[in-house]
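1 is the number of the first residue of the sequence shown in UniProt numbering; add one for each residue after it.
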Amino acid sequence: MAFQLSAEHEAIRDAVREFGENEMVPVAEEHDREHKYPEELRKKAAEYDFVAPNIPTEYDGAGMNKISSTIVTEELWRADPGIGSAVGSAGFGSDMIIEFGDEWMKEEWLPKIANGETASCSMISEPAHGSNVAGIETVAEKDGDEYVLNGNKMWITNGTVADVGVLMAKTSPGEGHKGITAFLVEMDRDGVSTDKITNKLGIRASDLAEVVIDDVRVPEKNVIGEVDKGFYQLMEFFASGRTSVAAQAVGAAQGALDAAIEYANQREQFDQQISEFQAIQHKIAEMATKVEAARSLTYRAATQVEQENQDIAAQYSSMAKYFASEISVEVADEGIQVHGGSGYVTDYPAERYYRDARITKIYEGTSEIQKNIIADQIL
């Protein structure tokens, strides 16, 4: 399938790339080393509509389509996956609010997210339940005109920096995926406690936390969509989310490739640049081909998501997520090899891309889960 980016798409790419090179790259190593969340960069990125660009214009967002937001994600991760993750994830959960939230939720929270005033989070995974969303154990019991929430959420992006989150809980325990409901939870409510996770391999600038929900009371109006329909609502965003991770992987791979090319053109051995050696040339050629293949598949998935071809989008988003994440790690690994010993130290970004790329094979459904989905669709 032929795909051609429009002039508007290319303008978006240029703008994000300029922001990344000028604002992110100079501080990337510092934020990684110190596990430092880039709040000021998030606010600055919001000025250019790079934070939650899918939020509609009526709520102060950019109203970008899926292809445009995919480009934003790719370029943020190309500059630096850690900061790119923090900026790109600042609107986690906003899709659920946009599609199923009441008007008061949209008016109160979407402008704050789009303007960079705050971040949001999506609280789904638990210590014992990652890929198996239907198995979550967090419960919500009705008490008059309120719900009382109890549970433990794990691996929550923006857990300690978000002011609001979308939480999935069982309102009908024993019903599996049929008994899950989505709730809007203000993070300053009594009973919400967070613990930052700092011992991460990569994307260290991104905030990650464990969130404990202990007798947290929320009013009935905080139900997002319909009671016991949360899983079905969530399913509508899986293809979009997986396409976004594919874009992250492509961005990290391109960043690793760029770093390898720059180094190969600077490093000299045996009185010549190493880029003149055929062995290095072949590595660069293979890396570049893999990146372009992953990018093409990711854009195709984004197109299907944008056109709301749900079955096709489910298949291609899983293909893109699986392929791009695997390629990202391969390319980052080869990037270290091109750098030689220099790739093994933090003086160069090669090792950081390698560490950062690895997460794309895990979250939003592991590579193994994606292969299951692809096979189910095909067979």
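Using N, Cα and C, we set each Cβ at its ideal position, and we do this for glycine too.
All values reported here derive from a predicted model rather than from experimental measurement.
In this chain, F100 is not harboured by any beta strand (DSSP E); it is covered by the alpha helix (DSSP H) spanning 94 to 100. Following the DSSP letters along the chain, one finds Y37 in no beta strand (DSSP E), marked with neither H nor E. When DSSP states are grouped into helix, strand and coil, L167 belongs to the strand group.
For Q315, same chain residues with a beta-carbon under 6 Å away, outside a window of 5 residues either side, are Q377 in chain order. Inside the stretch 72 to 138, DSSP marks whole alpha helix (DSSP H) runs of 4 or more residues at positions 81 to 88, 94 to 100, 103 to 114, from first to last along the chain. Residue state for A11 is assigned as helix, using DSSP reduced to three classes. When the alpha-carbon of A7 is set against those of P38, I55, E47, S68, the nearest one is in S68. Cβ neighbours of A128 within its own chain (closer than 8 Å, five residues either side excluded): G135, E137. In the structure shown, V161 falls within a coil segment according to DSSP collapsed to helix, strand and coil.
A Cβ-Cβ contact shorter than 9 Å links S317 with F238. Taking every protein chain shown into account, the CB of K371 has fewer than 16 other CB atoms within 10 angstroms, so this residue is exposed. Less than 9 Å separates the beta-carbon of A252 from that of R78. Under the 8 Å Cβ criterion, the stretch 94 to 110 does not count as touching the stretch 36 to 45, having fewer than three qualifying pairs. C-alpha of L201 to C-alpha of I83: approximately 14 Å in a straight line. Residue state for A62 is assigned as coil, using DSSP reduced to three classes. Annotation: V245 is outside any beta strand (DSSP E); the continuous alpha helix (DSSP H) that includes it extends over 238 to 266.
Secondary structure at T346: coil, using DSSP grouped into helix, strand and coil.
When the beta-carbon positions are compared, V216 and D190 come within less than 9 Å of each other.
Between the C-alpha atoms of T366 and E126 there is a straight-line separation of about 15 Å.
Straight across, the Cα-Cα distance linking H339 with G151 is about 46 Å.
Taking the CA atoms as reference points, T243 sits about 45 Å from D271.
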